[in-house]
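Engineer: Structure incoming, see below.
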Amino acid sequence: MIRIEARPQPSALMAYATPVLAVVLTMIFGGVLFAVLGKDPLEAIATIFWEPIFGEFAFFYRPQLLIKGAPLVLIAIGLALGFRAGIWNIGAEGQYIVGAICGAGAGLAFYPTESVLIFPLMVLAGALGGWAWAMIPAVLKVKFGTNEILVSLMLVYVAEQLLASMSLGLLKNPEGFGFPGSRNLQQYGSAHNAEIIAGTGMHWGVVAALIAVIFAYVLLTRHRLGFAIRVTGEAPRAAKFGGVNPARLVLFCLGMSGLLAGLAGMFEVSGPSGQISIDFNVGYGFTAIIVAFLGRLNPLGIVAAGLLMALTYIGGDIAQSQLGLPAAAIQVFQGMLLFFLLALDVLTNYRVRFGTAEVA
Amino acid sequence: MKFTTLLASAAMVLGLGGAALADGHEKTKVGFVYVGPVGDGGWTYEHDQGRLAVEAEFGDKVETVFVENVAEGPDSERVMTQMALDGADLIFTTSFGYMDPTNNVAAKFPDVKFEHATGYKRLHPNVSTYSARFYEGRAIQGHIAGKMTKSNVIGYIGSFPIPEVIRGINSAYIHAAKVNPDVEFKIIWVYTWFDPAKEADAAKVLIEQGADVVLQHTDSTAPQAAAQEAGGVITFGQASDMGQYAPFPRVSSIIDDWAPYYIARTQAVMDGTWESKDTWDGIGAGMVGIGEISDAVPEDVKAEALAMKAALADGSYHAFTGPLNKQDGSPFLAEGETADDGTLAGMNFYVEGIEGDIPQ
């Protein structure tokens with residue numbers, strides 16, 4: 266007979282082992298799925314995980330990992346701060362959109378002036394935009410006790426409407442023959458978030474993500490505020506007795522995650538994407554939630570998780586084109602990853618016992 | 005620098021591979037980038053039918069690959085690059101938002117031919133653009149709608165207020181008003197190409213407002229289902245035939261038929277005669293198909309509609325023929341004058357008689 270019993274202490278070993286285990290299980294069950302679809306499972310798995318890093322055209326895919334991973338990591342870092350304190354920002358996608366709109370808008374306001382000041386100004390505008398969008402659920406929660414999960418999520422749809430409106434109106438390219446979408450910032454030198462070293466994929470968003478990781482790490486391990494975040498998440502009553510001000514914590518955590526999401530949007534629109542368009546957002550804000558949990562809400566873990574997610578996206582597209590795997594199969598594959606991770610979490614707090622129950 | 009050199013050398017290798025093609029030693033590889041899933045029953049489905057037609061036409065001489073659900077922006081750029089690296093000779097990119105990415109990738113692979121649907125940028129000699137004159141089909145729908153409506157209210161589900169969609173509304177209105185001067189258009193913008201829930205809601209609202217004809221510029225069959233439920237409301241299939249709702253409420257349809265174009269362009273690459281051009285074909289060239297007009301349409305109306313189809317096909321009639329005024333009463337086309345393609349391509353105004361404003 267198999268049963269599970271609570272551990273007296275969460276297992277430190279399992280906390281680190283379960284993400285690896287989840288990846289392995291995803292490979293196994295994903296392989297079964299691919300086999301059922303009539304594809305060679307080993308080849309499919311190899312295409313997804315091996316091809317982008319070590320394949321023939323790795324020189325192209327490796328930089329793409331950074332481009333795809335950077336916004337995920339940047340957003341997930343911010344989300345993790347809140348998640349650790351039990352503050353649930355589900356609306357990073359909206360903050361990402363508003364950050365992009367504000368960043369691009371700040372740059373386009375100066376078109377076609379060339380100046381080194383424009384890009385820093387755009388960074389500021391993007392950060393502020395994302396921050397302000399996140400402050401709506403934050404202030405509503407602090408003042409009126411609303412649920413930040415619902416408010417932040419609903420504001421995503423508002424942001425999407427705002428994005429459509431901007432693409433069709435205020436930010437529409439005057440030379441675009443009436444088509445929706447802004448000017449392409451890649452063709453506007455001062456506003457272009459170009460690669461710092463050509464061919465490496467290293468743009469300012471990647472740099473910002475790395476800085477955010479370091480700051481988050483120091484904050485959580487060395488700073489009083491980081492301590493307050495962790496205590497609030499792990500023992501809310503103790504935190505209260507310890508003098509943590511929950512309202513300030515809500516404002517900080519939501520504001521910070523909004524700011525980082527806004528930055529991610531700004532770096533994306535000024536760099537890899539290039540323009541504000543109706544379909545600018547592709548779900549980074551939601552995927553980042555997966556990345557944050559896959560990385561155990563730990564800054565270093567998030568870097569690994571962000572790169573892993575990026576890998577499955579890039580490898581997934583290669584598998585579609587080379588092996589004819591349907592996109593839905595790739596999505597199921599990615600879904601399995603989160604499923605196994607959450608399911609295996611049980612091993613951190615419980616242990617599996619074989620044999621009959623001992624009589625106490 | 006290193007990266008561009010690598011890409012260039014990779015492109016050169018591929019170029020050499022491509023050169024071998026003329027001798028018939030190698031398969032021609034044709035790639036397709038889709039914005040939606042192939043099972044959407046509309047836009048992407050019809051492009052995929054075109055791909056299958058290419059395979060059926062050339063058999064062993066071609067290899068086709070596709071990637072579905074590709075987000076516009078950097079993801080599409082990566083997928084196109086990947087196809088080019090994998091040796092594609094010809095790549096069809098089938099969404100407006102792929103415009104800049106297509107041109108970016110085309111610059112790096114001068115020996116690969118790119119075909120971008122519905123765009124207008126051809127920055128490199130290896131980029132072509134193509135689109136269909138769907139407004140010709142709208143003229144026929146307008147005629148049938150104007151004849152058949154009893155309430156004189158025609159509902160229109162608009163996707164995005166872009167020239168493509170506005171052109172369709174104008175064309176349908178002109179021909180409905182021509183046979184029925186009392187006709188009134190009610191337009192709802194849903195800001196999506198494919199969202200069954202939103203489309204169904206829009207259809208219901210239009211029907212509640214008295215519309216007994218619902219035209220749609222969105223791809224799902226949800227409006228057809230809503231009309232069927234309401235009863236006494238006629239609809240037209242969009243992008244694909246939607247024949248499962250025939251003979252009523254669906255009385256006809258506009259079908260995107262990309263097969264002849266895809267076959268011709270693939271043939272051109274095989275023959276080495278491919279060159280950059282802009283194609284805008286209508287009923288005449290077979291790019292726009294008119295689905296069977298069902299028996300729910302009176303015989304005389306059906307005969308008129310077919311006569312109009314024939315006239316549009318042989319060029320003896322143009323869907324935008326004067327006298328026509330713009331919405332504000334200013335002259336648009338003089339008696340007997342027809343709209344030139346430039347005006348049509350960038351159309352951003354309603355014709356006289358349509359109420360309401362184009363959202364900005």
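Residue numbers (the numbering used here), protein chains in the order written: chain H, 266 to 625; chain P, 5 to 364. Every residue, glycine too, gets a C-beta built ideally from N, C-alpha and C.
Within 10 angstroms of its Cβ, does H29(P) collect 16 or more other Cβ (buried), or is it exposed?
Structural biologist: With a pLDDT of 45 at H29(P), under the threshold of 50, the modelled position of that residue is not reliable, and the figure given next carries that caveat. Answer is exposed; the Cβ neighbour count stays below 16.
Engineer: Residues of chain H with CB closer than 9 Å to the CB of A349(P), please, in chain order.
Structural biologist: Going along chain H in sequence order, the residues near A349(P) (Cβ under 9 Å) are F442 and G443.
Engineer: Using the beta-carbon of each residue, which ones in chain H are nearer than 7 Å to L89(P)?
Structural biologist: What L89(P) touches in chain H: F322 and F325.
Engineer: Could you please tell me which residues of the region 141-165 of chain P, in chain order, have their CB closer than 8 Å to any CB of chain H?
Structural biologist: Cβ contacts with chain H: F164 and P165.
Engineer: At the 9 Å Cβ level, is F70(P) part of the contact set with chain H, yes or no?
Structural biologist: By this cut-off, F70(P) is an interface position.
Engineer: Spell out the partners DSSP gives W370(P) in its beta bridges.
Structural biologist: As displayed, chain P neither begins before 5 nor continues past 364, which places residue 370(P) out of reach and without an answer.
Engineer: Could you work out which residues of chain H lie near A201(P), taking near to mean beta carbons separated by less than 8 Å?
Structural biologist: By Cβ distance, chain H contributes nothing, its closest Cβ being about 13 Å from A201(P), past 8 Å.
Engineer: With three or more C-beta pairs closer than 8 Å as the rule, is the region 200-214 of chain P touching the region 164-176 of chain P?
Structural biologist: Contact fails: fewer than three Cβ-Cβ distances are below 8 Å.
Engineer: From I173(P), A272(P), D186(P) and V209(P), pick the residue whose C-alpha is nearest to that of F118(P); which is it?
Structural biologist: That would be A272(P), whose Cα lies nearest to the Cα of F118(P).
Engineer: Which residues in chain P sit within 7 Å of I583(H), going by Cβ to Cβ distance?
Structural biologist: Per Cβ cutoff of 7 Å: Q86.
Engineer: From what residue to what residue does the beta strand (DSSP E) around V301(H) run?
Structural biologist: Looking at the DSSP string, V301(H) is not in any beta strand (DSSP E); the run it does join, the alpha helix (DSSP H), is A277 to V301.
Engineer: Below 8 Å, how does it come out for the region 487-496 of chain H and the region 400-413 of chain H: are there three or more Cβ pairs, yes or no?
Structural biologist: Because the criterion of three Cβ pairs below 8 Å is not met, the region 487-496 of chain H and the region 400-413 of chain H do not touch.
Engineer: Just checking my contact of A345(H) with L562(H) at CB under 8 Å: how many whole Å lie between their CB atoms?
Structural biologist: Contact holds; Cβ gap of about 4 Å.
Engineer: What did DSSP end up calling F322(H) once you bin it into helix, strand or coil?
Structural biologist: Three-state result, F322(H): coil.
Engineer: Go ahead and label K313(P) buried or exposed: buried means 16 or more other beta carbons lie within 10 angstroms of its beta carbon, across all protein chains shown.
Structural biologist: Buried, by the Cβ-count rule.
Engineer: For D318(P), would you say it is in contact with chain H, using Cβ-to-Cβ distances shorter than 9 Å as the test?
Structural biologist: It does not; no Cβ of chain H falls within 9 Å.
Engineer: With burial defined as no fewer than 16 other Cβ atoms inside 10 Å of the residue's Cβ, what is the status of T486(H): buried or exposed?
Structural biologist: T486(H) should be labelled exposed.
Engineer: What does the Cβ neighbour count give for D27(P), buried or exposed, with the cut at 16 atoms within 10 Å?
Structural biologist: Any answer about D27(P) is weak, because its pLDDT of 43 lies below 50 and its placement is not dependable; what the coordinates show is given next. It counts as exposed.
Engineer: Among residues of its own chain, excluding the 5 on either side of T325(P), which ones have a beta-carbon nearer than 6 Å to its beta-carbon?
Structural biologist: Here the set comprises T342.
Engineer: Once you ignore the five residues that flank G46(P) on each side, which residues in its own chain have a CB closer than 6 Å to its CB?
Structural biologist: So the qualifying residues of the chain are D223, A243 and S244.
Engineer: Taking all protein chains shown into account, decide if I269(H) is buried (16 or more other Cβ within 10 angstroms of its Cβ) or exposed.
Structural biologist: I269(H) is exposed by the Cβ-count criterion.
Engineer: Alpha carbon to alpha carbon, what distance is there between E81(P) and N108(P)?
Structural biologist: Their backbone Cα atoms lie some 8 Å apart in a straight line.
Engineer: Over what stretch of residues does the alpha helix (DSSP H) that includes F314(H) continue unbroken?
Structural biologist: Its alpha helix (DSSP H) spans residues P306 to F314.
Engineer: Report the residue from R502(H), G536(H) and I479(H) whose alpha carbon sits nearest the alpha carbon of V455(H).
Structural biologist: The question names Val, but residue 455(H) is Ser in the sequence shown. Answer by Cα proximity: G536(H).
Engineer: Return helix, strand or coil for G28(P), following the three-state DSSP convention.
Structural biologist: Low confidence applies here, because G28(P) scores a pLDDT of 48, under 50, leaving its location unreliable; read the following figure in that light. Residue state, collapsed to three classes: coil.
Engineer: What does D544(H) touch in chain P if you count any residue whose Cβ is under 9 Å from its own?
Structural biologist: Here the neighbours are V39, A75, E76, G77, S99 and G101.
Engineer: I want to see whether chain H comes within less than 9 Å of D104(P), judged by CB atoms only; does it?
Structural biologist: Judged by the 9 Å Cβ criterion, D104(P) is in contact with chain H.
Engineer: Please tell me whether A399(H) and I541(H) are closer than 9 Å, where the distance is taken between their beta carbons.
Structural biologist: No, the pair does not count as a contact, with Cβ atoms beyond the cut-off.
Engineer: The ligand SAH and G527(H): does any heavy atom of the ligand fall closer than 8 Å to the residue's C-beta?
Structural biologist: For the structure depicted, the ligand SAH is absent and the ligand set is empty, with no information on it obtainable.
Engineer: Give a yes or no on whether the minimum CB-CB distance between P537(H) and chain P is below 9 Å.
Structural biologist: It does; some Cβ of chain P falls within 9 Å.
Engineer: Would you mind sorting S538(H) into buried or exposed? The rule is 16 or more other CB atoms within 10 Å of its CB.
Structural biologist: When all chains shown are included, S538(H) counts as buried.
Engineer: How should S417(H) be labelled, buried or exposed, when 16 other C-beta atoms within 10 angstroms of its C-beta is the threshold for buried?
Structural biologist: It is buried - the Cβ of S417(H) has at least 16 other Cβ atoms within 10 Å.
Engineer: How would you call Y422(H), buried or exposed, if buried means at least 16 neighbouring beta carbons within 10 angstroms?
Structural biologist: Burial call: exposed.
Engineer: Evaluate the contact criterion for the region 133-147 of chain P versus the region 273-288 of chain P: three or more CB pairs, one atom per stretch, below 8 Å.
Structural biologist: Enough Cβ pairs lie closer than 8 Å, so yes.
Engineer: Give the straight-line distance between the Cα atoms of V209(P) and I258(P), rounded to the nearest whole angstrom.
Structural biologist: Cα to Cα, V209(P) sits roughly 23 Å from I258(P).
Engineer: How would you label Q228(P), buried or exposed, when you count the other beta carbons within 10 angstroms and need 16 or more for buried?
Structural biologist: So Q228(P) ends up on the buried side.
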